[in-house]
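Right, one structure below, let's go through it.
Protein chains: 2
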Amino acid sequence: MTTIYNFSAGPAVLPKEVLQQAAAEMLDWHGSGMSVMEMSHRGAEFMSIMDAAQKDLRDLLAVPANYQILFLQGGGLGENAIVPMNLMGKRPEATIDFIHTGSWSGKSIKEAQKYGKVHVAASAAASGFTTIPPRAEWNLTPDAAYVHICTNETIDGVEFQFAPEIAADTNGAPLVVDMSSHILSRQIDVSKYDVIFGGAQKNIGPAGLTIAIVREDLLGHSLPVCPSAFDWKIIADNGSMYNTPPTYAIYIAGLVFQWLKRQGGVAAMEQKNIAKAKLLYDYLDSTDFYENRVEKNSRSRMNVPFFLKDESLNTVFLAEAKANGLLQLKGHKSVGGMRASIYNAMPMEGVQALVSFMQEFARQHS
Amino acid sequence: MTTIYNFSAGPAVLPKEVLQQAAAEMLDWHGSGMSVMEMSHRGAEFMSIMDAAQKDLRDLLAVPANYQILFLQGGGLGENAIVPMNLMGKRPEATIDFIHTGSWSGKSIKEAQKYGKVHVAASAAASGFTTIPPRAEWNLTPDAAYVHICTNETIDGVEFQFAPEIAADTNGAPLVVDMSSHILSRQIDVSKYDVIFGGAQKNIGPAGLTIAIVREDLLGHSLPVCPSAFDWKIIADNGSMYNTPPTYAIYIAGLVFQWLKRQGGVAAMEQKNIAKAKLLYDYLDSTDFYENRVEKNSRSRMNVPFFLKDESLNTVFLAEAKANGLLQLKGHKSVGGMRASIYNAMPMEGVQALVSFMQEFARQHS
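Chains as they are written, first to last, in full-length UniProt numbering: chain U, 1 to 366; chain C, 1 to 366.
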């Protein structure tokens, strides 16, 4: 049977070991006689799963003690409203600064306008979202309520290669970061950010779980219209158990965190991700048959959009890729072409198989 | 090995057949080479799972064609805000009527006050929430924005045995129903309600999925502050795919729906649930060792709170129950005592085992 490699942008490939353990434990978790899905979230069994998941994530990202880790629902699109609803209560008239780097930050800008005054401090629109605007070109607002960036644009395939310093230009505004599609793929210094959030369905686990890492002094500033179930302070005060959390998704995320630790943690994953991305980009840069349009120093290690120069071959490319076990390579409809998402759980062998297939396809159709 | 019966109030027991199928399909769903967790929500494979789940739920509840079935996130507590945010845009000054029947409707009342004027049209507080106030005693508001009821109170163990008529007293206000903890356990006429919602983690599937069934003409009346990701009209227009849905939870829910159909559907489940509840309540009424305090015609078929007359025996009761494979019987902290939740997936044998244990425990400690 052909080995399957799944390049979906999310929900995305999970480590096989994690799925095997989940299957083995499905009917009876650790001799409890229950599936994790059947456990009361307030029982000792699930509490141990929740505590381990939070602690392992804290270890993996070296989250400082003055940051809370919250497990939420609603995904990145939900968080686009939940972030301003949680931060705008203190100074509702203050301006929210955004850096517009692609599809996801664009959605965040649109949604935030419901809850405050919005200023786009820099935009890569003129480049067709193939660059990250350099920090020097950002036109930040003094006394901004906060500054929002998306450090990896899943659809456009651009990624921040730096942690921006914004304090001097904003009088110390909090930096809010959507890390949905590259969290845990590279080392970060959490203390350089103030709020980090992300949907789980790329590098963490199943869709339906959202992670937020929030500096404690930013809790308690919600707008009056913020639903209790999405109020970070209420969620933090209740250990992410104010409403019933997505227990099974948290369990799978916990298994992924354990798997990451066995792989050597985020530093080791980053080295693997650099090697995987290099293999694919080097090939793309070596051929005229395919093309990646992102500026080299803004390229994402996670999401690699590319185009066949002859787009009339797209359908046959996708069909032959699928026949070779290379799944979900179709690009996002707003960009077109192809996209290979090569998250943590994608092994080097998957990228090698993709490049080999692309070479052979190019040879046959040149 | 002792057979395990899990009486958790939620997340709760699931049909063993469903868990077995989920385990078997975990690494490779229907020859796709992917786990359901790894599938793009927009791919053909997951779309077929989503479509089947929606269609099966529509069949099971005979949902009329002018109602949309929405798959959401945020649970019942989330919906306490999401309901008024979706319904109050048309007439923000109108009054929301509530029937206060216990813990859950109490939480709904508190949260709704953020979004509109609230009137408690009837309350069972004086009885300690052991009754459902008869319809004749409701003091409804003419031209109410909507009327909110919770037809099964998970914590207090009371359940509506009737579908209230409210049109005449309210000039046709919509009737909104929280059915979280008894949906699919008894036959209902959906057309007698206007919005039905519920968290999945009792009779449907894993925590993290919320179901809403909304009459179509009620879509599009959201408040400006309603987050897009929780705006029913946007969710309906996007087939519950505006943001990435909780795909694995939807898959499990779909397997539960298929299981329900194999059991003979809701009508057959209702007969089983009547028999299970009768066995337990009949025993409780026959003994002085235990007590259920709910008025007989308001008793829930799903959640049966009970007390040992000698509460000093609580700890040993729970320990011995667990040793006999009877799990998660501790009552909610706000009520105390014990609680047996006997949802669809609890077989008659589980209730028989519970009653036998209770009889033996009473004999030994009388």
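Think of the CB as a built atom: it goes at the ideal place given N, C-alpha and C, for glycine as much as any other residue.
- Distance from the CA atom of residue 288 of chain C to the CA atom of residue 355 of chain C, rounded to whole angstroms, is 14 Å.
- Secondary structure of residue 84 of chain C (DSSP, three-state): helix.
- Neighbours of residue 114 of chain U in chain C, taken as residues whose beta carbon is under 9 Å from its own, are 224, 225, 226, 227, 228 in chain order.
- Per DSSP, the beta bridge partners of residue 150 of chain U are U:178.
- Along the region 240 to 254 of chain U, going in chain order, the ones with a CB nearer than 8 Å to a CB of chain C are 242, 243, 244, 245, 246, 247, 248, 249, 252.
- By the neighbour-count criterion, in which 16 or more other beta carbons inside 10 Å mark a residue as buried, residue 37 of chain U falls on the buried side.
- If you look at residue 286 of chain U, you'll find it in the alpha helix (DSSP H) that goes 265 to 286.
- Minimum Cα-Cα distance from residue 238 of chain U among the listed residues U:20, U:169, U:47 corresponds to U:47.
- Looking at the DSSP output, residue 7 of chain U sits in no beta bridge, so it has no partner there.
- Taking residue 187 of chain U as the centre and dropping the five residues before and after it, the same chain places the C-beta of 266, 267, 270 closer than 6 Å to its C-beta, in chain order.
- Residue contact with chain C for residue 4 of chain U: present (Cβ-Cβ distance below 7 Å to some residue of chain C).
- Closest in C-alpha terms to residue 343 of chain C, from the list C:207, C:8, C:337, C:191, comes C:8.
- The Cβ atoms of residue 338 of chain C and residue 306 of chain C sit closer than 7 Å to each other.
- Residue 239 of chain U: not part of any alpha helix (DSSP H); DSSP gives it neither H nor E.
- Cβ neighbours of residue 352 of chain U within its own chain (closer than 8 Å, five residues either side excluded): 279.
- In this chain, the beta strand (DSSP E) harbouring residue 95 of chain C covers 95 to 100.
- Annotation: residue 68 of chain U is outside any alpha helix (DSSP H); the continuous beta strand (DSSP E) that includes it extends over 67 to 72.
- Straight-line spacing of the CA atoms in residue 14 of chain U and residue 256 of chain U works out to 8 Å.
- Interface annotation for the region 28 to 47 of chain U against chain C: 33, 34, 35, 37, 38, 39, 40, 41, 43, criterion Cβ-Cβ distance under 7 Å.
- A contact is defined here as three or more CB-CB pairs under 8 Å, and the region 53 to 60 of chain C meets this definition with respect to the region 245 to 263 of chain C.
- Under the three-state reduction of DSSP output, residue 12 of chain C falls in the coil class, being neither helix nor strand.
- DSSP, reduced to helix, strand and coil, places residue 115 of chain U outside both helices and strands of the structure shown, so it counts as coil.
- Checking the DSSP bridge columns, you'll see residue 296 of chain U has no partner listed.
- Look at residue 26 of chain U: its C-beta is under 7 Å from a C-beta on chain C.
- Among the residues facing chain C, residue 13 of chain U is included, as its CB has a counterpart in that chain under 7 Å away.
- In this structure, residue 326 of chain U sits away from residue 229 of chain C, with a CB-CB distance that is not shorter than 7 Å.
- Taking the beta carbon of residue 77 of chain U as reference, the chain C residues within 9 Å of it are 227, 228, 229, 242, 243, 244, listed in sequence order.
- Put simply, of C:246, C:224, C:360, C:115 the residue whose alpha carbon is nearest the alpha carbon of residue 290 of chain C is C:360.
- Interface annotation, residue 94 of chain C: not in contact with chain U, CB-CB separation never under 7 Å.
- Contacts between residue 111 of chain C and chain U, judged by CB atoms closer than 8 Å, involve 227, 228 in chain order.
- When Cβ-Cβ separations below 7 Å define contact, residue 206 of chain C makes contact with chain U.
- For residue 68 of chain U, the closest Cβ of chain C is not nearer than 7 Å.
- The beta-carbon of residue 331 of chain U is placed no less than 7 Å from the nearest beta-carbon of chain C.
- For residue 169 of chain C and residue 45 of chain U, the gap between their C-alpha atoms comes out near 49 Å.
- In this model, residue 235 of chain U and residue 321 of chain U are separated by some 44 Å (Cα to Cα).
- For residue 314 of chain U, the enclosing alpha helix (DSSP H) has its first and last residue at 314 to 323.
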